[in-house]
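Structure first, then comments.
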Amino acid sequence: MSESQTAPVSDLPRAWPFEEARKLADHVAQRDTASAGGDARPALLETGYGPSGLPHIGTFGEVARTSWVRQAYTALTGRPSRLLAFSDDMDALRKVPDNVPQREMLEKFIGQPLSRVPDPFGTHDSFAAHNNARLRAFLDGFGFEYEFASSTDYYTSGRFDAALKRVLEVHDEILAVILPTLGPDRRATYSPVLPLHPRTGEVMQVKMDAIDPVAGTVRWTDPASGEVFETPVTGGHAKMQWKADWAMRWYALGVDYEMSGKDLIDSVRLSGRICKILGGTAPAGLTYELFLDDKGQKISKSKGNGLSVEEWLRYAPPESLGQFMFNQPQRAKRLYFDVIPKTADDYLAHAEKACTQQAQNPTGAELRANPAWFILKGQVGPQACSPVPFGMLLNLASVANADTPEVLWGFIRRYDAAVSPETHPMLACLVKHAVAYYADFVRPAKTFRAPTDMERAALADLAECLRGYEGDAPDAAALQNLVFEVGKRHGFEPLRAWFGCLYEVLLGQKEGPRFGGFVALYGVGETIALIDAALLRDRQD
RNA sequence: GAGCCGGUAGCUCAGUCGGUAGAGCAUUCGACUUUUAAUCGAAUGGUCGAGGGUUCGAGUCCCUCCCGGCUCACCA
């Protein structure tokens with residue numbers, strides 16, 4: 209019944225999400241046939257999130273990639289599926305993050321479940337609720353389709369109760385699997401079940417004195433007081449420790465697919481074994497590589513190296529970030545500012561091609577192997593394309609010293625009068641980003657030469673002439689003549705040296721646009737300010 | 001110690017079912033021009049880390065090795 213036996217391999221689009229969708233389809237088929245009465249639940253894909261911090265670029269990557277597997281699964285099988293974004297908000301607060309207010313208040317709640325820690329921002333019922341809301345807003349901003357799940361809700365509502373009792377039944381087997389992987393000191397206190405302290409609410413990391421699978425309780429001793437407690441594992445009175453928690457969740461919910469970073473390879477293996485002990489089947493999944501910063505170091509939230517989602521989106525549209533995540537998930541990639549332009553143009557090339565492929569065969573393998581088909585969630589079309597590549601816009605911004613989108617648009621219109629922000633929304637978006645990228649990365653790297661005495665006099669003269677010009681409607685040809693006249697008047701020989709001076713002193717580059725046209729678009733007053741600043745800057749040196 | 005990934009042009013990288021090695025940038029030359037420029041054309045540049053195997057044919061598949069990077073082994 210497996211699709212892999214019926215569908216010819218050559219029809220499978222050659223894109224990694226389809227390879228993954230195949231694995232997922234096989235997994236679903238297997239659990240359906242393995243179950244006595246059949247198991248026709250929708251395919252369940254899960255992504256995990258730890259709400260001790262804010263969502264970051266890795267969170268985006270995992271949800272985006274999982275969504276693409278889901279999209280491929282739908283295209284491949286036509287069968288229903290769900291994507292569960294699971295927040296482990298019952299996890300204990302281990303240390304106070306350094307980017308939040310009220311840190312001394314939070315200090316008192318170390319060891320408490322995140323869902324019981326007050327919100328330091330004061331906007332939600334708990335710290336976890338705050339971060340969960342941030343996660344949802346973040347995911348919604350990208351238009352992801354998902355169901356949100358709170359670990360605390362699942363535990364307290366009893367949705368995990370049956371699975372938790374099952375854990376007690378096979379408790380010793382689970383221990384036997386986990387203990388050999390731990391160091392001797394950790395082994396002494398390890399328990400897969402973590403009861404919550406009935407009075408303090410703290411997540412207790414102590415050895416269990418006794419397990420009662422029939423009553424569904426554990427007995428343990430409070431190391432602080434010596435007091436002995438008998439705690440039910442059900443109803444949110446206890447939670448599971450990390451790897452066992454993952455396994456229990458896979459088992460309880462019947463997760464069919466979950467991807468994870470390569471740092472979790474051992475955890476996936478171990479959780480899979482525990483899941484099997486419980487009587488379930490570990491989900492299918494993909495191990496992705498981690499991102500590196502500009503120096504090839506692993507990106508971590510605490511170090512703050514690499515690049516945040518916000519930073520990327522300042523310099524390029526979200527589709528380009530999707531393109532980055534789509535490319536070779538199993539390969540380590542540098543995630544830094546300088547990859548943005550190339551990635552953006554990669555996306556644009558794919559989006560362009562997708563339009564053609566859509567027209568030729570809207571359900572063909574070629575279109576479905578196109579990254580843009582995934583990134584655009586199947587909504588391929590000219591609105592997602594741009595007639596001008598991003599790299600060209602950056603060049604243009606640099607040449608024209610474009611510090612506002614309007615300047616850039618002036619040049620673009622001269623290039624093609626039919627193009628406007630209204631007719632080409634993607635281009636409008638790219639223009640804004642190109643200006644930002646230029647301002648932050650290109651312009652600071654420019655070197656502005658100091659003018660010679662002769663040039664200084666000519667520049668002052670030009671500024672004076674422009675002041676006289678102010679008020680009139682800017683005319684490129686008249687301004688060009690004016691610039692030309694000033695150059696001749698000051699005896700530049702050849703005259704091209706005068707223009708070279710303008711570019712090197714005012715724009716910090718060897719070449720530039722036709723200067724009259726530049727002044728008309730850039731603004732007469734703005735150009736005067738540019739000259740004044742250059743003369744002043746030189747005087748201070 | 002265990003595991004993952006990589007090594008292709010000066011740089012960053014792509015290379016689909018095994019079929020004459022590609023792109024961008026950089027460099028050089030040319031076209032366009034009141035001076036310059038978004039652009040276009042061309043040239044230069046490779047022992048595909050090394051060795052062996054399979055094959056009519058290997059950057060691509062298999063094995064061994066070398067080099068580099070990362071991850072895990074405390075927590076999640």
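In the numbering used here, the protein residues as written are 209 to 749.
Quick reminder that beta carbons are idealized off the backbone N, C-alpha and C, glycines included.
Note that this is a predicted model, so its numbers are computed, not measured.
Through-space distance from residue j to residue i, alpha-carbon basis
i                 : j                 : result
valine 236        : alanine 490       : 11 Å
glutamine 320     : valine 411        : 6 Å
tyrosine 645      : cysteine 593      : 20 Å
threonine 274     : phenylalanine 350 : 14 Å
alanine 562       : alanine 580       : 7 Å
alanine 552       : phenylalanine 692 : 39 Å
alanine 742       : phenylalanine 656 : 8 Å
alanine 671       : histidine 632     : 37 Å
phenylalanine 545 : threonine 267     : 19 Å
glycine 725       : alanine 559       : 33 Å
aspartate 749     : proline 659       : Note that aspartate 749 scores a pLDDT of 48, beneath 50, so its modelled location is shaky; the value from the coordinates is reported in the next line. Going from the Cα of aspartate 749 to the Cα of proline 659 covers about 12 Å.
serine 212        : proline 721       : Confidence at serine 212 is low in this model, with a pLDDT of 36, below 50, so the placement of that residue is unreliable and no value is reported for it.
isoleucine 485    : leucine 478       : 11 Å
glycine 409       : leucine 301       : 12 Å
glutamine 279     : aspartate 234     : 16 Å
glycine 462       : tyrosine 257      : 18 Å
arginine 697      : leucine 602       : 35 Å
alanine 452       : aspartate 501     : 32 Å
valine 713        : glutamate 701     : 18 Å
glycine 487       : tyrosine 459      : 7 Å
alanine 573       : leucine 715       : 48 Å
proline 613       : arginine 704      : 29 Å
glycine 618       : leucine 667       : 25 Å
phenylalanine 499 : histidine 338     : 27 Å
glutamine 413     : arginine 287      : 42 Å
cysteine 673      : glycine 733       : 11 Å
alanine 446       : leucine 404       : 5 Å
serine 334        : phenylalanine 598 : 43 Å
phenylalanine 352 : arginine 576      : 19 Å
alanine 626       : leucine 252       : 47 Å
lysine 470        : tyrosine 523      : 29 Å
valine 517        : isoleucine 265    : 5 Å
alanine 737       : leucine 744       : 10 Å
Backbone secondary structure at residue i - three-state DSSP
i                 : result
proline 225       : helix
serine 334        : coil
phenylalanine 368 : coil
phenylalanine 356 : strand
tryptophan 551    : What sits at residue 551 in the sequence shown is threonine, not tryptophan. Three-state DSSP puts threonine 551 in a helix.
glycine 480       : helix
glycine 469       : strand
proline 613       : helix
leucine 738       : helix
threonine 631     : coil
proline 570       : coil
glutamate 701     : coil
alanine 671       : helix
glycine 716       : coil
arginine 722      : coil
phenylalanine 350 : coil
glutamine 587     : coil
phenylalanine 656 : coil
arginine 745      : helix
aspartate 240     : helix
leucine 220       : coil
aspartate 393     : helix
glycine 530       : helix
threonine 564     : helix
alanine 557       : helix
alanine 248       : coil
Residue i - partner residues in DSSP beta bridges
i             : result
glutamate 254 : Leu292
leucine 500   : Lys506 and Arg542
leucine 402   : Lys447
threonine 495 : Ser468
proline 326   : In the DSSP output, where bridge partners are listed per residue, proline 326 has none listed.
proline 321   : Ala300
CB-CB length for residue i against residue j, believed under 8 Å
i             : j           : result
valine 426    : valine 401  : 6 Å
leucine 376   : valine 441  : 6 Å
proline 355   : leucine 314 : In the sequence as displayed, the identity of residue 355 is glutamate instead of proline. Wrong, their Cβ atoms sit about 29 Å apart, outside the cutoff.
glutamate 228 : leucine 494 : 6 Å
Query raised in the report: Quick one: complete alpha helix (DSSP H) runs, 4+ long, within the region 404–467?
Result: Listed in chain order, they are 450–461.
Requested in this report: Please list the segments of the beta strand (DSSP E) lying wholly inside the region 256–318, counting only runs of 3 or more residues, in order along the chain.
Outcome: 289–295
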